[in-house]
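Engineer:
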Amino acid sequence: MSKSKHWQQLLSLAQREVEATLATLPAPVRRQAAPLPVSYEAHPERDKLNDEYDPDLLGLFVGAALAHPDESPLPPQIILFLENLWDFAEEDVEFFREEVRTTYLHELGHYLGLDEIDLEERGLD
Amino acid sequence: MSDPYEEIVNGERLLRLPLRPRHEDILSRLHKRVSGVVTGLATTRLLAARSRVELATGNTFRPDLALVTAATDKLWLVAEVISSDDHHADTVDKKSVYEHIKLPRLWMVDPRYDNVEIYHATPYGLSLKRVLAGRELLTEALLPGFQYAIHELFAGNPSGEPGHYDF
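As structure tokens, then:
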């Protein structure tokens, strides 16, 4: 499969999974989550982002949490790193979907103000 | 050409020269492309070209392109299209203020060389991340779906040579 076709397939799977996950959220949470943009990158690129991070990172929340808009000048956003998720899922489509869902919910949790302990307690570590 | 306009940089009033057609063509293209992406985002707003923005005491700028975070109206991305006969204000004076206020993203769009310099704020000041030219793509992770091939952004240079155009 060509690189571009492979990327389109990952992108399509991930976008559908995020939409499906969003649809299953309780209405009050969905209303807060729906406007939060999600972008999809292959891998974290040092020159596109600022912070030090693990090159195997699966996802990232940037910007300020909903309740603390002054904490960051950046607009809030979730970035999912699809090639890392694909590698983590060992190229298994079902596992990939599951990891996209878990990673999206993990990063969404940060936006909604949950810390790593809160997320772990909810099985989203 | 546009009318002259004024900015206040470090407490000093700067009269900016009228902008030439190529400057305005490039800016118009960039605005249109960014606007197409921002329209679908609830978290970011695109200000009108050269909107008056007060950055800090004694600094009132009119950036060519400015994005603000919707929740706070804080500036997070600025693009300045450089004019060959009036470049010092953008490339030196205003840039140092952007660095001081920790502007997260700065694009210096330079029709003299048909390239775009991408700066990110870091704890140590603005850091040059990339210089894009030719068929490279201008992208920004926080603008999902945004991309602009540099040669398309600078299209319309009849001489075909960077630096040989009246802008």
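So the protein sequences, as listed, match chains A and B. Going by the working numbering, the first residue of the first sequence is number 4, and it counts up by one from there. Going by the working numbering, the first residue of the second sequence is number 140, and it counts up by one from there. In this text, a Cβ means the ideal position worked out from N, Cα and C, and glycines have one as well.
Work out the CA separation of A:Gln80 and A:Thr27 for me, nearest whole Å.
Structural biologist: Taking the straight line joining both Cα atoms gives about 20 Å.
Engineer: For B:Arg269, which three-state DSSP category applies?
Structural biologist: Correct three-state label for B:Arg269: strand.
Engineer: Going by DSSP, what residues sit across from B:Met247 in a beta bridge?
Structural biologist: Paired residues: B:Glu219 and B:Glu256.
Engineer: Going by C-alpha distance, which of A:Thr24, A:Ser5, A:His9 and A:Leu14 is nearest A:Leu108?
Structural biologist: The option with the nearest alpha carbon to A:Leu108 is A:Thr24.
Engineer: According to DSSP, simplified to helix, strand and coil, what is A:Asn87?
Structural biologist: Helix at A:Asn87.
Engineer: Should B:Phe306 be labelled buried (16 or more other beta-carbon atoms within 10 Å of its own) or exposed?
Structural biologist: The predicted position of B:Phe306 is uncertain, since its pLDDT is 49 and thus under 50; a value taken from the coordinates is nonetheless stated next. When all chains shown are included, B:Phe306 counts as buried.
Engineer: Mind checking if B:Pro243 is an interface residue toward chain A, Cβ cutoff 8 Å exclusive?
Structural biologist: At least one chain A Cβ lies under 8 Å of B:Pro243.
Engineer: Nearest chain A C-beta to B:Thr199 closer than 8 Å, yes or no?
Structural biologist: Not closer than 8 Å to any Cβ of chain A, the Cβ of B:Thr199 fails to qualify, so no.
Engineer: Quick one: which residues of the stretch 208–232 of chain B get their C-beta closer than 8 Å to a C-beta of chain A? List them in chain order.
Structural biologist: So the close ones are Thr208, Ala209, Ala210, Thr211, Lys213, Leu214 and Trp215.
Engineer: Could you tell me the alpha carbon to alpha carbon distance between B:Arg307 and B:Leu214, rounded to whole angstroms?
Structural biologist: The question about residue 307 of chain B has no answer here: the residues shown for chain B are numbered 140 through 306.
Engineer: Using the three-state DSSP reduction, which class does B:Arg184 fall into: helix, strand or coil?
Structural biologist: In the structure shown, B:Arg184 sits in a strand (DSSP, three-state: E or B).
Engineer: What is the DSSP secondary structure of A:Ser7, counted as helix, strand or coil?
Structural biologist: Of the three classes helix, strand and coil, the one that applies to A:Ser7 here is helix, per DSSP.
Engineer: My output table needs one value for B:Arg155: the three-state DSSP class, helix, strand or coil.
Structural biologist: Here B:Arg155 sits in strand by DSSP.
Engineer: In chain A, which residues lie less than 8 Å from B:Thr182 when you measure between Cβ atoms?
Structural biologist: Under the 8 Å cutoff, chain A gives Pro38, Leu39, Pro40, Gly66, Pro78, Pro79 and Gln80.
Engineer: Which chain B residues sit within Cβ distance under 9 Å of A:Asp57?
Structural biologist: The premise fails here: A:Asp57 is roughly 17 Å from chain B at the closest Cβ pair, so nothing lies under 9 Å.
Engineer: Taking Cβ-Cβ distances shorter than 8 Å, what residues in chain B pair up with A:Pro3?
Structural biologist: Nothing can be reported for residue 3 of chain A: it is not among the residues displayed for chain A, which extend from 4 to 128.
Engineer: Report back the beta-carbon spacing between B:Tyr144 and B:Arg161 to the nearest angstrom; my notes put them in contact at under 8 Å.
Structural biologist: Rounded, the Cβ-Cβ distance is 18 Å, inconsistent with contact.
Engineer: Quick one: what's got a C-beta closer than 7 Å to B:Gly179's C-beta in the same chain, skipping five residues either side?
Structural biologist: Within the same chain, B:Gly179 has no close Cβ partners at all.
Engineer: Going along chain B, which residues have a C-beta under 7 Å from A:Glu44?
Structural biologist: Those within 7 Å of A:Glu44 in chain B are Ala280.
Engineer: Tell me, please, which residues DSSP counts as bridged to B:Gly264.
Structural biologist: In DSSP, B:Gly264 forms a bridge with B:Thr261.
Engineer: So that I know if they touch, is there some Cβ in chain A lying closer than 8 Å to that of B:Pro283?
Structural biologist: Answer yes: the Cβ-Cβ gap between B:Pro283 and chain A drops below 8 Å somewhere.
Engineer: Just the C-alpha distance for B:Gly150 and B:Arg191, rounded to the nearest angstrom, thanks.
Structural biologist: Their Cα atoms are separated by approximately 15 Å.
Engineer: Would you say B:Thr199 lies against chain D (beta-carbon separation less than 8 Å)?
Structural biologist: The displayed structure is made up of protein chains A and B, and chain D is not among them.
Engineer: With 16 as the cutoff for other CB atoms within 10 Å, does A:Val21 come out buried or exposed?
Structural biologist: When all chains shown are included, A:Val21 counts as buried.
Engineer: For the structure I just gave you, are there three or more beta carbon pairs, one from the stretch 252–263 of chain B and one from the stretch 279–297 of chain B, closer than 8 Å?
Structural biologist: Because the criterion of three Cβ pairs below 8 Å is met, the stretch 252–263 of chain B and the stretch 279–297 of chain B touch.
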